[in-house]
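Visitor: Under my numbering, the very last position in the sequence shown is 783; numbers go up by exactly one each time. Glycine included, each C-beta is placed from N, C-alpha and C at the ideal position.
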Amino acid sequence: MGELRLSDYSSDIFILSLILLVVSGLAVPWAQVSVSSLGEFLYLLVLPWLVLIPLHEGLHALVARLFGARVRFGVTSFGKLIVAPYVAIETPLRARRYALVSLAPLLPSAVFLSLAWFLRSNFWALAYVFNTAGMAGDFLTALWLLRLPPDSEVFDDGTALVSDAEISTSYPGWVSPALKVAILLLFLVILILGRVEVVVENG
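1. Quick one: what's got a C-beta closer than 8 Å to glutamate 670's C-beta in the same chain, skipping five residues either side?
2. Applying the criterion that 16 or more other CB atoms from any shown protein chain within 10 Å of the CB defines a buried residue, is serine 785 buried or exposed?
3. Alpha carbon to alpha carbon, how far is valine 655 from proline 634? Give it in angstroms, no decimals.
4. Between histidine 636 and proline 685, is the Cβ-Cβ spacing less than 7 Å?
5. For proline 752, I'd like the list of residues in its chain whose CB is within less than 8 Å of its CB, leaving aside the five on either flank, ordered along the chain.
6. Report the three-state DSSP secondary structure of proline 752 (helix, strand or coil).
7. What is the rounded straight-line gap between the Cα of valine 780 and the Cα of glutamine 612?
8. Going along the chain, which residues of its own chain have a beta-carbon closer than 8 Å to the beta-carbon of glutamate 777, five neighbours each way excluded?
9. Give every residue of the same chain whose Cβ lies closer than 7 Å to the Cβ of leucine 680, excluding the five residues on either side of it in the sequence, and list them in chain order.
10. To which residues does DSSP link tyrosine 678 through a beta bridge?
11. If serine 694 sits next to leucine 725, beta carbons under 8 Å apart, how far is it from one beta carbon to the other, in whole angstroms?
12. Considering only the alpha carbon of each residue, which of Asn711, Arg585, Pro757, Ile770 lies closest to leucine 625?
13. In angstroms, rounded to a whole number, what distance separates the CA positions of leucine 584 and serine 616?
14. Hey, how far is the Cα of alanine 668 from the Cα of methionine 715?
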């Protein structure tokens, strides 16, 4: 039987999250984050997460339920620093259906991006960026699921995704080194093309 433990790939998830954070930010180049008060901090950097987390996980659960699965909610940690809520699907689903469950949060990303451009809203721009960056684990899960035979079944045993199909690796072996190369290139581009300004105001 094949299995995927995302906790074993915390570095890949972290790197992909950073890449998605930067790349999705390029889709809203006009967005600015200016925090000069507690209210702005709560509005721009806290409220989006309070909206996103239940929506993101709720969509996983909703799509799984539409496929007839039984779900439960929990909280886990990746490595030592990241604590994340999750939805466990306890009823076996076919791999392609499980992939749709994993990618369901793409829908709010598309909606948030549209709202950000239509309203020129920093709030919705940040909601889009945060939600997309938060899908790193979902994308890696989908890669693994798409490697399985379409008729194979997958369920969550509480610690890992388990499939009745035999598969030797989680996702293609080139993904992990490619992510490391991509993040290095991204930082190099930022260093070369980016501009950092430090402004000191005398009171």
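Guide: Quick answer:
1. Excluding sequence neighbours, glutamate 670 sits near Ala649, Arg650, Val651, Arg652, Phe735, Asp736.
2. This structure cannot settle anything about residue 785, because the visible part of the chain is limited to 581 through 783.
3. 12 Å
4. Result yes, Cβ atoms of histidine 636 and proline 685 sit closer than 7 Å.
5. Leu723, Arg727
6. coil
7. Residue confidence is low: valine 780 scores 48 on pLDDT, short of 50, so the model does not pin down where it sits. Its coordinate-derived value is still stated next. Cα-Cα distance, rounded: 20 Å.
8. Confidence at glutamate 777 is low in this model, with a pLDDT of 46, below 50, so its placement is unreliable and no value can be given for it.
9. Val643
10. Note: tyrosine 678 sits in no beta bridge, so no partner.
11. Rounded to the nearest angstrom, the Cβ distance from serine 694 to leucine 725 is 27 Å, too far for a contact under 8 Å.
12. Asn711
13. 43 Å
14. 16 Å
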